[in-house]
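Peer 1:
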Amino acid sequence: MSAIYGLYPDAAAAQAAVDGLRAAGVAGPDITVLTSFPMDGCRFFDDGSDDRVRRRMWTMAGGGGLTGLTAAFALSWVAETSWPLSVGGLPVFAWWPNLIIMFELTMLGAMLATVVTLVVGARLGRRVTLYDPEVSRGHILVGIERPDRDRIAALTRALAAPAGARLGGNAGA
Amino acid sequence: MDRRSFISLTLVSGTTAALTGGCAVPQTSLIRFVPAEDIQPGQASWRPGVCTLCPAGCGLTVRVMDADADVVRDGITGVQRILAAKKLEGGVDHPVNRGRLCARGQAGVQATYHPDRITQPLKRSGDRGTGQYVAISWDEAMATFVRHLDAIDRRAHPPALAWFGRPDRGHRGTFIAHLLSRLGGVGPIGVDLFGDAVLRRANAMSFGRSQLPTVDLAAARHVLSLGADFLGAWNSPVAQSRGYGAMRTGRRGVRGAFVQVEARMTQTGANADEWVPVHPGTEGALALGLAHVVLQTGAFAADTAGRAGECVAGWADGLPDWTPEAVAAITGLAPGRIDRLARALIDGVPSVVLIGGPPLAHSNGLHAALAVNALNALLGAIEQPGGIYFTPQADVSAMSGLDAGDVAVAPAMSQFVAERLSAGSRPPALLVVDDSNPVFTAPPAWRLREALLRLPTIVSVGSFLDETSSLADLILPDHSYLESWVDAVPESGARTAVISLAPPVVRPLHDTRSTVDLLLEASANLAAPISWPWATHEALLAAALGTLPPSVTAGDTWTEVQERGGWWGELPAAVAQAAAATATPAPTAFTAPTFEGTPGEYPLHFLPYASTFLDGGLAHLPWLQEMPDPLTSAMWSSWLEINPATAAALGIADGDVIRVTSAHGVIEAAALLSPGIAPSIVAMPAGQGHTAFTRYASHRGANPLGILAPVTDPATGALAWAATRVRVERIGDPDGRLILFAGGTREHGDDDRPPHR
Amino acid sequence: MTPPLVTTSVQEEDTTEMPKWGMAVDLDACTGCGACVTACHAENNISTVGAEQAARGRAKHWIRVERYWEGSFPDVRLRFQPVMCQQCDSAPCEPVCPTYASHHTEDGLNAQVYNRCIGTRYCANACPYNTRFFDFFNPAWDKPLHLQLNPDVSLREVGVMEKCTFCVQRIRAGTIAAKADARELKDGDITTACVQTCPAHALVFGDLSDPDSRVSQMARAARGTALLGDLGTQPNVTYLQRQTP
Amino acid sequence: MTPARPPSHEQMTADLLRPLLRTTWRFFLLAAVCTAPVLAGLVAWATQAYYGFGVTGLGWPVYWGFYITSFVFWIGISHAGTLISAILRLVDAGWRRPVTRCAEAITAFSLIIGAMFPLIHLGRPWLAFWLAPYPSERMLWPNFRSPLVWDFFAINTYLTGSLLFLALPMIPDFATVRDNSTGVRRRIYGVLALGWRGSSAQWHRLETAMAIMAIAIVPVAVSVHTIVSFDFSMAPVPMWQSTIFGPYFVAGAIFSGIAGLIIAMALLRRFLHLEAYLLPLHFDNLGRLLLVMSLLWAYFVFNERLVTYYGNEPSDMAVFWRTQRLSFAPLYWTMVTCNFLVPLVLLGVRRFRTISGCVTASVAVVVGMWLERFLIIVPSLGHKFLPYSHGSYRPTPIEIVIAFSTFAAMALLYVLFTKLVPIISIWEMKAGATADTVRS
C-alpha cells in the first residue's frame, strides 16, 4: 500500500486528523491535505512555506517581465538600427513608440513566467499518486504517501480518530 | 497580355499538358510567334507623330516599346511581341505645341488600342441601323467598293457621290476633295459642330484670311475674350495655354490681365481676373460699345481699323449709337463697367480681343465676329506682338501638283441636308462616312438618321461603330493615326507655316488599310480608271513635301520631315496661299439674336458646350471619361448646369433628375447647381448620350444636341447651336447618374452638398 | 523631453550628394485643363475603374485638379489647385505603415512599395492631402488597351495602396543614363509626366538641393506656400499663389 | 427573488455542472441559430477575399468603416471581463465570485473576434503575418513605430493574458467535472484538469498566480485600448488628433464591457436557471458601475466636444458640425441618448434599477457605443482638410453581414463555452460560501 488517507466532512475534523498525524510524528510536508476549494480560514500546518512560495512566484514574474523587456529592447533596437529605414521624420530608433512594444512584452513575459512557475511549482500535469474523487464532493482528504510499513497501523488510527472519518487507501497507481 | 497573366497562362497550359500526357489541344496552347525584327526588348524609342483628334494639328513624340499582343495568324491564336505606342507626348520642337499636349492628346493612344475598334472589313448582315455585320476579306471589300464607285454616274447633277468627313486641311483631306471632284462627287462635307465657320467667314471679310487667328498671348498685356474657351476646347488649346502661361508668369514684372465675357463660366473663364456675364447673343453689341469708348477717347482713329472697320456699319462715324448706356441696356452690364473694360483695353496695349464659342453660335454671330475684328484692328492688334496673327498656309493642292480650281466648294452640312437629304430631294447614290458622326451631332429636325436610312449605299472608313457608321453597308476600317502616314496643316497656333507630318509610329495592329491607299487603288481599278501621279499615301506625301526646301539642314527635305515630325519655316511663294483679295463686303449691323421657342413656354436659354469629348467623338476613350471635368469634377456622366437661384425657383436641388424640353425634343439629366452660370441660362456638355459608340460611351448621360433647334447662321449655314430655348422641370430625386469626383465645392464656408454617390 | 537614445536617422547622414526632388505649382498659370491627370494615367499604368466604381469613390487620380468656387453669381471666381502626393519630408503616411511599404528614400521621395503593402489603408487616413488610392479590385484593362502599359511601372494588385511617385521610374532612368554617360544631371533632364505635358508650364519639377534649379527658385518665391503647411508635414511641393490684379 | 439561504456545496456542484452533464434539444437549437449567421459571415468574408475589397462600401476617402468600427467595439467589449474581474479580485470584492468567469469568457471571445477584424479589413489578408517580427530571408521587420504594430503586440499580450487568466481558475473546476463524470468525458476532463488534486500547495500557488495575473492584466487592458485609440489619435485627421482619446477610449471600453457583461449575465441567469447564483445584488452593483461609467463617458464627450468647439479650428469644426447637426446628427443624438440619457434614467433612479432595467440600459449602451466608434471614424475620414476630397460612406450587405455575424459568433462561442465549462467557478463559490459562513 503506497498511501493511506482519511476523508473528513469538515475542516475541524481534518485539522484534528492532521494534528493526530503530527502527534504521531509525521513531518508537516509529508502530510497531504486535499480540499475542493482553498481553505482560507484554516491553516493545517504553519511552517512559513506559503510566504516563500509567494515571494518566489513574484520574483519569477519579475524575472519574466525583465526578460520580456530585454527581448523587446533587443528586438526593436537590432531590427531598426541594423536595417535603418527613414519614416516620417522620426529617428530610426524612436524611444517613445518603442516603449509601447517594450511595455507589452514586459507584461507578457511576467504573465508567462507566472504561469510557468505555477505549472512547475504546483506539479501540474504530473502523475497523481494520492487522490479520491470524494474530495470534489466536499470531503477533505488527509493522507500520507508512501508511509512506513511498520507505522501504518498507528497512522491509520490517527486518521480514524476524528468524528466522521472514512478511511481509504490505494496501492499506488 | 501582362506579365502576370502570361505566367499564369503558361503555368496553366503547362500543367494541362502534364496532366493530359502531352496531348494538349493545339488551339488552347500558347503559341509564341516570332517577334518583329526591329524590336529591342525593354528599350524605349521615341518617334514623331501627329495628333489628329482635333484640327489644331499638334506634333507628337511617341514612346514606343515592346509589348505582347494577342494575334491571330492563319487562324491560330497566339502571342506576338510587337512594338506598341506607350505614351504620347508633344513634339519637342513643334511650333504649335512645343512638347506639350492636352488631356485629349494624351488619351489618344487609347483610340489605337481600343477594345471596340473595327479590326477588319465588315459587310452589313442585318437591317440597316441594327449594327449587325459579318467580317469579309479585303479582296471582297475592295471589289464591292469598286463596284459601288463604278455604279456612280460621274456626270449626274446633283452629284451621286457624297463624302462626310471631319475638316482636314492636310494632304489626306485635299486628296479626297480632288478624288471626289474627279468622280463628280461633292465633299468632303465637314462634320464639325463646334467648328468656327462663322469666324473664318468674318476673318475672310475683314482680313482676307479664311482661317482662325493665332493669338500671341505671350506678348499680350491685356486680353478680353468674348466666350472663347481658348484654354479648353477652342481653336488650338495647347498653343494658347502655352501663351497664357507665358502671359501670366513668363515676364518679370508684367502679368497680363485677362477678362472673360460669357454667360456660362468655361474652364477658360475660370482663369479670368474678371468674369463678365452678359445676356446671350449680345457680345457683338458689347464689342461695338467697347469700340465706341475707344473711339471716343481718341486714342485710336477709326480708320486705323481699315477694311475690318468698313465691315461694321457706323464705324467711320465713331459708332454714335453704341454708347455705354445703350450697350448696357442690351447686355445687362453697368455702363461704367463697359467704360472701364474699354479703357483697360487702351491702357493695356498690346491688348487683344478674342471671340469664339457661343457668341458666334447665334443668329447674329457673324456681325459679332466682324465687330471684334474691327476692334482688334482699331487697337492695332493685327499681325503685331501681343495681337493676332494669321499662320501662313501651305497650298496643299499646289504642293501635290494638283489644280485647286478643279475642286468644287463643299456645301455646309445644313445646306446639304436641306438640298439633298430632305423629303422630296434627290439623295446621293453613294455616301462615304469618314470618321465622323453627323447623326449624333445633327439637330433632330434635320431627321438625318431617317434620311441616311433611305440612302441606297453608305460606306464607312472609320475605326469605330457609332450612330452614323452603324448605318453603313460596308465598312473599310482605316488605320489609326499612329499606324498610318499622317499629316495636318494647322491653321493657327504658330507664327510660321507648319505642316505636321509623320510616318507610321507602329505597325497596324489589326487588319486595316490606309484610306488614302485604298482610294488610290480603288480609283485605279475602276472601269474608267483615274490616274494619279503617285501610287501610295507615302508617295503622295513625299512628292508634296519635295516641293519644300529643307528647313534646318541642307539635306533632303523628305528625310528631315520624317525625323522632325513635320516641316515648318518660310513657305516658297509657289506653294503659299495668298490673302484673298476679295471686294470689300457691305457693312453689317448688329441685330438682336433670335431664339427658337417663346420665352413664355421655354423660359431658359439652352447652351450646349464643347466638353472634354469636344462634340462627342472622343467619348469612347476611358481616360477622358474618367478624367474629372475641370469645373464640375464629373466623371462618366453628363449634367445640366443651372444657377442656384433658378434651381430654387424651380424646386430643383443638386443632383435631382430633371427634364429639359425644347420645341424639338426632351432629354433627362441630373441637375448640377453652379454659381458660374447666369440665371437665365442652363448649360449642358456635349459628347455624352451616345446610343451606339463603344462600350465606354454607349448609353451614358444625355445628348444635348438632341433637342437643338435647327437655327443656322444665314451667311455660312453653320448651326447656331446656342439659339434654342428650353423649359426645365424636376422629375425625380438624385439617382446616381451624376458621378462627381469632388466632395466639397468651396474651400471655406458651409458647403454641405449632399453626396451624389 | 528625453533626448532620443539614437539620433542617427537616414536623413541626417551625409546626403549632400543626394538630390532632393521637388515640384512647384504656379497657380497663376494653371488653367485647370487636366492634361496632367491624363498624362499621369498614361505614364503610371493607373487603371480606369468605370462608372459604377467611380460612383463608389474608387476612381484613382494620382494627381487631381481641385477647384473651389469663391463668391456667388455674378461676382464668382473659380480657383484651380492641382494636388498630387506632396512627398512630405515629415510624411504622416510613413510611420503608420506597419510593414514599411511607405517609407522615405534617400533622395527625399515618399516611396510606396506595392509588394510590401498589405492594405491596412492607414497611410491613406494619415495623409492629410488624400492623395493615396486603394485598389479595390484587381486593376484590369480591356484588351488590347493593355498594350499601352508602361513596362517601367509595376502593375498593382488588388488590396494595395498606390499613389504619385514623382514618376520615380523616370528619375531612376534619368539618373542611370547620366551615370552611364558620366555626366552630371542637369536641371530639366528629368521631368515627371504631368510636368512634361503641362501646356501652361504651371508645373515645374527638379532638384531642390540645387539652389539654381528652377524649382528651387520657385520654392523660394514670395508667392510660394506649402499646402496645409501648418500641419508640419514639410511637403516638397510648393504652390505659388495666384495673383490678383 | 433572493433565496433565503445560499445553496449548499452539493447543491452548487449539482446546479453548476448541470449544463455540462445534461444536453437537451434546446442547446442544439440555440447552437444552430447562432451558427447560421456565422456561416453567412464566413461566406461574406470569402466573397470579399475572392472578389476584392470592392464588395465593401469603402472608397476614397473613407477607407475605414464597419470593420474598424467593429474592431474597436469588440476590443472595447473585451474590457468587460478581465479588467472588471481583475479589479474586483484585487479589492477582494466577495460578490465578484459568480461574475468573474462569465466576464472573463466575454473578454477572451470578444478579443478573438475583435482581433479578426484587422485581418478581415486588410487588403491582402494572406500577408498579415508580415506584422509579426520574425527574421525573414530579407530581414524585413515590422515597423515598430506604427500603431498597428503596437496593436499587434498589445492585443497578443492581452489575449494571451486573458486566456491564461480565464484558464487558470478553470483547472480545479475541471477536476470537479472529472470526478463527477464517467467515460469519455471523465477522460477528457481528466486531461484538462492537469492532475489537479487540490492540495494546499496547489491552492496557494494558484491564488498567488491569480493575484499576479490580476495585477499584470489591469495595465495591459488599459494599454490595449489606449493603443487602439492611438490608431486614430496618431493620424493628423480632424477630430482624431486628441490627447483625450486614450482615457476616453478606455472609459468607453469599460463602459461597453460592463454593458455586455450585464446582458450576458441576464441571459445565463435565465437560460441556465442560475437565479440562486446571479442575484439582483450583482445586477445592482454592476448597474451602479455602469452608471458611473456612463457619467464618465459623458464627461469625456463633453471635454472632447467643448475643446473642439472652443478651439474653432476650421477642419475640426467641419467634422464637428457634421456630427452635431448635419448628416451624422441623427446617429450622434441616438448615441447620446443610448449612452447617457437611458442609463441615467434607468440606473440613476433606484426604482428602475432592476434586472430588466439594467439589461435595457445595457442594450442601449451596446448600441450607443457601437455608434460612438462609427462616429469617431467615418465623419472624420470623410471630411479631412481639403474639401475637394470630402466624401461619404455607406456599408454594403457584405459588411453588414460580417459585422452582424460576429455577434452571432460571440453568442455561439458563449453557448459552447457554457456547455463545456462551468460558467460559474464552482470552487470560488464554495470558498466564498465558506468564507461567508466563517465571517458570520
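Heads up: the sequence lines are chains R, H, F and S, in that order.
Residue 78 in the numbering used here is what sits at position 78 of the first sequence, and the numbering runs on without skipping anything.
Count along the second sequence from 1, then add 1000; that gives the number in the numbering used here.
Count along the third sequence from 1, then add 2000; that gives the number in the numbering used here.
Count along the fourth sequence from 1, then add 3000; that gives the number in the numbering used here.
Each residue gets a CB set at the ideal place from its N, CA and C atoms; glycine is no exception.
(1) Got a sec: which bits of the stretch 3300-3319 of chain S sit with their beta carbon under 7 Å from any beta carbon on chain F, in order along the chain?
(2) Tell me the rounded alpha-carbon separation between S/GLU3428 and R/THR129.
(3) Who does H/ALA1085 pair with in a DSSP beta bridge?
(4) Please list, in chain order, the chain R residues whose beta carbon lies closer than 7 Å to that of F/SER2090.
(5) With DSSP as the reference, identify every bridge partner of F/ASN2110, one or two as the case may be.
(6) Which value, in whole angstroms, describes the spacing of the CA atoms of H/GLY1600 and H/GLY1131?
(7) Closer than 7 Å by C-beta to H/PRO1490: which residues in its own chain qualify, once you throw out the five before and the five after it? Chain order, please.
(8) According to DSSP, is H/ARG1727 helix, strand or coil?
(9) Alpha carbon to alpha carbon, how far is S/LYS3430 from R/ARG137?
(10) I need the DSSP call for S/ASP3284, collapsed to helix, strand or coil.
(11) For F/LYS2179, count neighbouring Cβ atoms within 10 angstroms of its own Cβ and tell me buried if that reaches 16, exposed if not.
(12) Please name the residue in F/GLY2159, F/ASN2150, F/LEU2149 and F/ASN2115 whose C-alpha comes closest to that of S/LEU3140.
(13) Could you tell me if F/THR2233 is buried or exposed, where buried requires 16 or more neighbouring beta carbons within 10 angstroms of its beta carbon?
(14) F/CYS2033 touches chain H at which residues, Cβ-Cβ below 8 Å?
(15) Could you check the C-alpha separation between H/GLN1384 and F/VAL2113 for me, to the nearest Å?
(16) In three-state DSSP terms, what is R/THR59?
(17) Please compile the residues from chain F whose C-beta is within a distance smaller than 7 Å of the C-beta of H/PRO1115.
(18) What's the C-alpha gap between H/ALA1135 and H/PHE1440?
(19) So is S/HIS3390 in contact with chain H if we call contact Cβ pairs under 8 Å?
(20) Are the stretch 3054-3061 of chain S and the stretch 3223-3242 of chain S touching, with three or more C-beta to C-beta distances below 8 Å?
(21) Quick one: what does DSSP say H/TRP1275 is sitting in, helix, strand or coil?
(22) Do F/ASN2130 and S/TRP3064 come within 8 Å of each other at the CB atom, strictly closer than that value?
(23) Tell me, please, whether the stretch 3033-3041 of chain S touches the stretch 3381-3394 of chain S by the rule of three or more beta-carbon pairs shorter than 8 Å.
(24) Does the beta-carbon of H/SER1351, which I'm using as the reference point, lie nearer than 7 Å to any heavy atom of the ligand MG?
(25) Considering H/THR1584, what are the terminal residues of the alpha helix (DSSP H) in which it resides?
(26) What three-state label does DSSP hand S/MET3012 in the structure shown?
(27) Is there a Cβ of chain H sitting closer than 8 Å to that of S/PRO3330, yes or no?
(28) Just the chain H side, please: which residues come within less than 7 Å of S/PRO3387 by C-beta, in chain order?
(29) When the Cα atoms are used, what is the spatial distance from R/TRP95 to S/LEU3164?
(30) Return no unless some Cβ of chain F is closer than 8 Å to the Cβ of S/SER3008.
(31) In chain order, what residues of the same chain lie with their CB nearer than 7 Å to the CB of S/GLY3252, ignoring the 5 residues before and after it?
(32) Buried or exposed: which applies to S/ASN3312, given that a residue is buried once 16 or more other Cβ atoms fall within 10 Å of its Cβ?
(33) Looking at the secondary structure, which residues open and close the alpha helix (DSSP H) in which H/GLN1110 lies?
(34) Quick check on DSSP: helix, strand or coil for H/VAL1025?
(35) Check whether the Cβ of R/LEU85 lies closer than 8 Å to any Cβ atom in chain F.
(36) Kindly list the residues whose CB is nearer than 6 Å to the CB of F/PRO2019, restricted to its own chain and excluding five residues on each side of it in sequence; keep chain order.
Peer 2: The short version:
(1) Cβ contacts with chain F: none found.
(2) Distance between the alpha carbons of S/GLU3428 and R/THR129 is about 25 Å.
(3) H/VAL1064.
(4) GLY88 and GLY89, listed in chain order.
(5) F/ASN2110 is bridged to F/HIS2104.
(6) Each residue's Cα considered, the two are about 42 Å apart.
(7) Contacts found: ALA1056, GLY1057, VAL1096, SER1236, THR1391, VAL1498 and SER1500.
(8) Assignment of H/ARG1727 by DSSP, reduced to helix, strand and coil, places it in the strand class.
(9) Answer to the nearest angstrom: the Cα atoms are 11 Å apart.
(10) Shown here, S/ASP3284 sits in a helix according to DSSP, grouped into three states.
(11) With fewer than 16 other Cβ atoms within 10 Å, it is exposed.
(12) For the residues F/GLY2159, F/ASN2150, F/LEU2149 and F/ASN2115, the minimum Cα distance to S/LEU3140 belongs to F/ASN2115.
(13) So F/THR2233 ends up on the buried side.
(14) Chain-order list of chain H residues neighbouring F/CYS2033: CYS1102, ALA1103, LEU1231, GLY1232, PRO1237, SER1241, GLN1267 and PRO1630, by C-beta distance under 8 Å.
(15) Distance between the alpha carbons of H/GLN1384 and F/VAL2113: 54 Å.
(16) Of the three classes helix, strand and coil, the one that applies to R/THR59 here is helix, per DSSP.
(17) Listed along chain F are ASP2142, LYS2143, PRO2144 and LEU2145, each with a C-beta nearer than 7 Å to that of H/PRO1115.
(18) For H/ALA1135 and H/PHE1440, the distance between alpha carbons rounds to 25 Å.
(19) For S/HIS3390, at least one C-beta of chain H is nearer than 8 Å to its own C-beta.
(20) No, because fewer than three Cβ pairs between the stretch 3054-3061 of chain S and the stretch 3223-3242 of chain S fall closer than 8 Å, the two stretches do not touch.
(21) Note: H/TRP1275 maps to strand in three-state DSSP.
(22) With a cutoff of 8 Å on beta-carbon distance, S/TRP3064 and F/ASN2130 are scored as not near each other.
(23) Segments in contact, no.
(24) The ligand MG is not part of the structure shown, which contains no ligands of any sort.
(25) Premise fails: H/THR1584 is in no alpha helix (DSSP H) and is neither H nor E.
(26) It is helical.
(27) It does not: the Cβ of S/PRO3330 has no partner Cβ on chain H nearer than 8 Å.
(28) Against S/PRO3387, the close residues of chain H are GLY1743, GLY1744, ARG1746, GLU1747 and ASP1751, in the order they occur along the chain (beta-carbon pairs closer than 7 Å).
(29) R/TRP95 and S/LEU3164: Cα-Cα distance of roughly 30 Å.
(30) At a cut-off of 8 Å between beta carbons, S/SER3008 makes no contact with chain F.
(31) Cβ neighbours of S/GLY3252 beyond the five flanking positions: GLY3076, TRP3297, MET3369 and GLU3372.
(32) So S/ASN3312 counts as exposed.
(33) It spans 1109-1112 - the alpha helix (DSSP H) in which H/GLN1110 sits, taken as one unbroken run.
(34) Unreliable placement is indicated for H/VAL1025, whose pLDDT of 49 sits below 50; the coordinate value is still reported in the next sentence. For H/VAL1025, the secondary structure class from DSSP, reduced to helix, strand or coil, is coil.
(35) Chain F contact via Cβ: present.
(36) So the list reads ASP2107, ASP2207 and SER2209, once near-sequence residues are dropped.
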